[in-house]
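Novice:
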Amino acid sequence: MLRYRQILYGFSVLHTEDSLFEENPLPLLLKLLDISTRDFPFKELHMYEIFLHFFIIIGNHNLLIKNQLYAQKTSRQKADDQKFDAVTDYICEHCTRKLTMEETAAFAGFSKYHFSRIFKEYYQMSFPEYIASLRISKATELLENSSLSILEIAMRSGFSNLSSFNRAFKEIHNCTPSQFRKMAEFSPDS
Numbered sequence: 022m023l024r025y026r027q028i029l030y031g032f033s034v035l036h037t038e039d040s041l042f043e044e045n046p047l048p049l050l051l052k053l054l055d056i057s058t059r060d061f062p063f064k065e066l067h068m069y070e071i072f073l074h075f076f077i078i079i080g081n082h083n084l085l086i087k088n089q090l091y092a093q094k095t096s097r098q099k100a101d102d103q104k105f106d107a108v109t110d111y112i113c114e115h116c117t118r119k120l121t122m123e124e125t126a127a128f129a130g131f132s133k134y135h136f137s138r139i140f141k142e143y144y145q146m147s148f149p150e151y152i153a154s155l156r157i158s159k160a161t162e163l164l165e166n167s168s169l170s171i172l173e174i175a176m177r178s179g180f181s182n183l184s185s186f187n188r189a190f191k192e193i194h195n196c197t198p199s200q201f202r203k204m205a206e207f208s209p210d211s
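Here the sequence shown stands for residues 22 to 211, numbered as in the numbering used here.
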């Protein structure tokens with residue numbers, strides 16, 4: 022009998038005013054306390070039945086809360102999706118100039134740290150890696166379709182100097198911009 026009371030007192034702080042409860046579990050707990058003080062046939066079985074009913078109510082309540090949190094998260098993710106569509110456009114439009122994560126995070130309405138984390142989730146790469154890939158893509162197009170100097174292409178693509186451009190380009194294409202241009206000139210597509 023004492024053991025049941027100890028278990029039941031663990032549930033003494035139930036917020037039954039929570040409107041998500043389909044049924045108030047408090048009367049079941051009171052009924053359990055009452056039964057635990059009396060002696061009659063099949064007492065244990067009757068208490069077990071009430072415990073099961075109690076845990077079904079609590080389980081349904083927790084499932085309902087979980088579903089509501091999922092729905093909220095989904096709507097939050099939808100809002101983030103819309104923000105990141107705008108962020109993608111913003112980055113593409115401004116990637117050829119000095120573009121900081123702080124500036125882009127402010128544009129999106131996020132803190133720098135939250136933006137960095139979410140950005141990596143969406144793009145599967147860091148902000149600097151994404152900017153570099155956009156710049157290299159632009160540079161690749163200019164190398165294939167213009168007679169601009171390598172330095173001019175680096176500057177127009179958003180790189181601050183030739184060595185950072187060469188390093189980033191080689192990392193993606195496994196060759197220097199000059200080598201790439203020569204290969205593009207001899208390509209059958211040219």
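Glycine included, C-beta positions come from ideal geometry on N, C-alpha and C.
Which residue wins for smallest C-alpha separation from residue 119, given the options 96, 153 and 139?
Specialist: On the sequence shown, residue 119 is found 98 positions in, with the first residue counted as 1. That would be 153, whose Cα lies nearest to the Cα of residue 119.
Novice: Tell me whether the segment 90-97 and the segment 110-129 touch, counting them as touching only if at least three CB pairs, one residue from each stretch, are closer than 8 Å.
Specialist: No: fewer than three Cβ pairs fall under 8 Å.
Novice: Round the Cβ separation of residue 180 and residue 156 to the nearest angstrom and send it over; I've been treating them as touching at under 8 Å.
Specialist: Against the sequence shown, residue 180 aligns to sequence position 159. Against the sequence shown, residue 156 aligns to sequence position 135. 6 Å between Cβ atoms; contact.
Novice: Measuring alpha carbon to alpha carbon, tell me which residue in 81, 90, 129 and 125 is nearest residue 102.
Specialist: For the purposes of this step, residue 102 is identified with residue 81 of the sequence shown, where counting begins at 1. Of the candidates 81, 90, 129 and 125, the one whose C-alpha sits nearest the C-alpha of residue 102 is 129.
Novice: Do the segment 165-179 and the segment 138-148 meet, that is, are 3 or more Cβ pairs less than 8 Å apart?
Specialist: Touching, no, given that fewer than three Cβ pairs across the two stretches are closer than 8 Å.
Novice: Once the 5 residues before and after residue 74 are set aside, which same chain residues still bring their CB inside 7 Å of it?
Specialist: Taking the sequence shown and counting its residues from 1, one reaches residue 74 at position 53. Only 49 meet the Cβ criterion.
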